[in-house]
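Reading through the structure tokens given below for one structure.
Residue numbers (the working numbering): 2 to 188.
Below is the structure:
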């Protein structure tokens, strides 16, 4: 695996450029990391290390009126970030690798990728680079509902809790002691 640095990070998150995706990391400022997730969703922060981010809507008109676009910010989530906690389910690091790969595919479904087996190793390498920013002891959360902890993300995912105005949105939240990140793909 490539050693984590600004260049390897940039190359790794580049796999989301062709997707309607937001991939970014911020400093963890709160014990309740959901408050930091809300900061990411509102777009109120840059990368904690000054590294590359992917944000399809950065600078787009949709953001002028609603800085959190495409995310839906329920009023109760603005009062307390815990309102969304029941919709995020912890998954293992190995599942996070697979979910990061799935999030990079056009339909968020590797079964629809005609060249997946040829690209699989490189995609998994990119996912491992992304996860290397979050050391052992970090936690990973998906919005893919009950059973997320046993789900095979290389099979079609048909259940999720929406966090946006888009038809489909699938996301992974990455939480360490010092940083909070998200990779959120939309269809």
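We put the beta carbon where it would ideally sit given N, CA and C, even for glycine.
Its Cα nearest to that of residue 89, the residue 146 stands out among 146, 167, 176 and 165.
Around the beta carbon of residue 37, 16 or more other beta carbons sit within 10 angstroms, so the residue counts as buried.
Each residue's CA atom was taken as its position, placing residue 73 and residue 166 some 6 Å apart. Nearest neighbour of residue 122 by Cα position, chosen from 6, 13 and 8, turns out to be 13. Taking a cut-off of 8 Å for Cβ pairs, the region 97-107 and the region 118-136 touch, as three or more such pairs fall below it. Around the beta carbon of residue 150, a 10 Å sphere encloses fewer than 16 other beta carbons of the protein chains shown; the residue is thus reported as exposed. Selection 156, 114 and 31 evaluated against residue 83 yields 31 as nearest (Cα-Cα). Between the alpha carbons of residue 64 and residue 118 lies a distance of about 37 Å.
Residue 171 and residue 113 have their alpha carbons spaced roughly 16 Å apart.
Note: residue 23 is bridge-paired with 56 and 185 in the DSSP secondary-structure output. The straight-line gap separating the alpha-carbon atoms of residue 6 and residue 55 is approximately 17 Å.
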